[in-house]
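Below is one structure, written out as structure tokens; the observations come after it.
Number of protein chains: 2
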Amino acid sequence: MTTRPYWLNFDPQLDLMLERVIDVPVDRVWQAWTMPQHIKKWFTPEPWKTVDCELDLRPGGLFRTVMQSPEGQQFPEVGCYLDIVPQQRLVWTSALRPGFRPVPLPVSTPGHECAELPMTAIILMEPQGRGTKYNAIVLHRDDADRRRHETMGFHAGWGKATDQLVEAVKAM
Amino acid sequence: MTTRPYWLNFDPQLDLMLERVIDVPVDRVWQAWTMPQHIKKWFTPEPWKTVDCELDLRPGGLFRTVMQSPEGQQFPEVGCYLDIVPQQRLVWTSALRPGFRPVPLPVSTPGHECAELPMTAIILMEPQGRGTKYNAIVLHRDDADRRRHETMGFHAGWGKATDQLVEAVKAM
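Taken in sequence, the protein lines are chains A and B. Quick note: the numbering used here has the first sequence finishing at residue 172, numbered continuously throughout. Quick note: the numbering used here has the second sequence finishing at residue 344, numbered continuously throughout.
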């Protein structure tokens, strides 16, 4: 049995992580992550947009976003909050629907059975001087999913989104 | 956005429920659910047995049991705790591994892709007189899984396990 907190169990084979110190205060970073009107401003790397966001900030609660491609195609994403400690830790998963229900099977196309990429995101933040030590960790079910997510552009995407978060906080 | 607590959102199309009033006190029922030495006594309907149990009672923590068939074949089950309120509510899922990691894909055999049956269990308890109002709710991802679990014997199995729980508590 492990006694270490789960959010400190980063596994480089299965997980991806962005680590930054950002020059905005932790209370504002928390707001940027937990208020739909802020999330829409920074959550999706440009030229994509977050055109809708709805959330219910409690364990088992809904975290829903709708991303839109530059061509106008929309991609709704539904997740479920797991662990919420204001200004410290925000955790949700796409492997469960709100109310902790396991996600339905994706509609399978031949050759693409189980083609989805379920993940759990752990956002950690703590004050550092006047800024914030900021970590975003994404857990995958296996090494293949981790590599796939990395190839899809995890580092560039989350990096740019974090730049946008900092800008959004400064404009609050 | 729903404001109702998730554990009150029973959906008869997707979920299964056992409801009982049992004549043992709620603090003992909680012990029976949260201490491995007790769980081994009642968790699996006879003639099956629970031969091993390990748990780490916190959100993100491990809930692991090993069931054994009358023929001696063993079936390990690993789940992750989601929500823990002593003597009130105990929630875990098989859709996540400990630390909230999405479960790896099952090893597929042709014709049985995605053959697993992920579920989330919600155990609710409250004092009623000297006994306990006791609810066990199981959430499934879709109607097909709910029906499959029902056909596998949910009601008889959980009913018998609950009888065993009451006996185990009386023998504590």
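Beta carbons are placed, not taken as given, at the ideal position from N, Cα and C, and that holds for glycine. A quick note: this is a predicted structure, and the numbers were derived from the prediction, not measured.
Pick out whichever of the options has its Cα sitting closest to the Cα of residue i.
| i | options | result |
| --- | --- | --- |
| A:G129 | A:T34, A:R89, A:L117, A:P25 | A:P25 |
| A:Y81 | A:L96, A:Q74, A:Q88 | A:L96 |
| B:D317 | A:W158, A:P102, A:M172 | A:P102 |
| B:Q266 | B:P276, B:Q260, B:V257 | Reading off the sequence shown, one finds Ser at residue 266 of chain B, where the question assumed Gln. Comparing Cα-Cα distances from B:S266 to each of B:P276, B:Q260, B:V257, the minimum goes to B:P276. |
| A:P12 | A:P98, A:G60, A:I137, A:M35 | A:I137 |
| B:G122 | A:W7, A:D56, A:L55 | Given a span of 173 to 344 for chain B in the structure shown, any question on residue 122 of chain B remains unanswerable. |
| B:T175 | A:T3, A:L55, A:N9 | A:L55 |
| A:Q87 | A:G157, A:F10, A:Q31 | A:Q31 |
| B:W330 | B:D315, B:I295, B:A343 | B:I295 |
| B:P177 | A:G153, A:G72, A:L57 | A:L57 |
Only counting the same chain, and skipping five residues up and downstream in sequence, which positions put a Cβ closer than 7 Å to that of residue i?
| i | result |
| --- | --- |
| A:R141 | P118 |
| B:S241 | W220 |
| A:D83 | P59, R89, V91 |
| B:E285 | For B:E285, the pLDDT reaches just 40, beneath the cut-off of 50, and the residue's location in the model is therefore unreliable, leaving the point undetermined. |
| A:R148 | L117 |
| A:D27 | Q87 |
Return helix, strand or coil for residue i, following the three-state DSSP convention.
| i | result |
| --- | --- |
| B:E218 | coil |
| A:Q128 | strand |
| A:V66 | strand |
| B:G331 | helix |
| A:R148 | helix |
| A:F10 | coil |
| B:T265 | strand |
| A:T3 | coil |
| A:Q88 | coil |
| A:E77 | strand |
| B:E288 | coil |
| B:E339 | helix |
| A:D142 | coil |
| A:V51 | strand |
| B:V201 | helix |
| B:P270 | helix |
| A:T109 | Unreliable positioning characterises A:T109 in this predicted model, as indicated by a pLDDT of 47, which lies under 50. A coordinate reading is not provided. |
Excluding the 5 residues preceding and the 5 following residue i in the sequence, name in chain order all residues of the same chain whose CB lies nearer than 6 Å to its CB.
| i | result |
| --- | --- |
| A:K133 | V21, E126 |
| B:R236 | E226, V250 |
| B:V338 | I194, V196 |
| A:Q74 | V66, Q68 |
| B:V201 | M297, T304 |
| B:Q209 | none |
| B:K373 | Residue 373 of chain B is absent from the model: chain B starts at 173 and stops at 344. |
Can you list the residues of chain B that residue i reaches, using a CB-CB cut of under 8 Å?
| i | result |
| --- | --- |
| A:L82 | P231, G232, L254, F272 |
| A:N9 | G271 |
Confirm, please, whether the CB-CB distance from residue j to residue i is below 8 Å.
| i | j | result |
| --- | --- | --- |
| A:L139 | A:T120 | yes |
| B:Q336 | B:W214 | yes |
| A:P76 | A:V66 | yes |
| B:P217 | B:A333 | yes |
| B:N181 | A:G99 | yes |
| A:D143 | A:L14 | yes |
Would you mind telling me which residues of chain A sit closer than 9 Å to residue i, beta carbon to beta carbon, in chain order?
| i | result |
| --- | --- |
| B:T292 | L96, G99, F100, R101, P102 |
Does the ligand HEM have even one heavy atom less than 7 Å from the beta-carbon of residue i?
| i | result |
| --- | --- |
| B:Q336 | As for the ligand HEM, it is missing from this structure, which has no ligand bound. |
For residue i, go through chain B and note every residue whose CB falls closer than 7 Å to its CB, in chain order.
| i | result |
| --- | --- |
| A:T50 | Chain B residues near A:T50: none, gap ~17 Å exceeds 7 Å. |
| A:T65 | Correct list: empty, because the minimum Cβ distance to chain B is about 14 Å. |
Excluding the 5 residues flanking residue i on each side, which residues of the same chain have their C-beta closer than 8 Å to its C-beta?
| i | result |
| --- | --- |
| B:H327 | L188, L190 |
Kindly indicate if chain D contains any beta-carbon less than 8 Å away from that of residue i.
| i | result |
| --- | --- |
| B:T206 | Protein chains A and B are contained in the structure displayed, whereas chain D is not. |
So which residues on chain A does residue i lean against when the C-beta distance must stay under 8 Å?
| i | result |
| --- | --- |
| B:L311 | G99, F100, R101, P102 |
Can you pull the chain A residues whose beta carbon is under 7 Å from the beta carbon of residue i, in chain order?
| i | result |
| --- | --- |
| B:V263 | F100 |
Could you name the residues of chain B that residue i contacts, counting a contact when the two beta carbons are closer than 9 Å?
| i | result |
| --- | --- |
| A:Y134 | Here the premise fails: no neighbours, minimum Cβ distance about 19 Å. |
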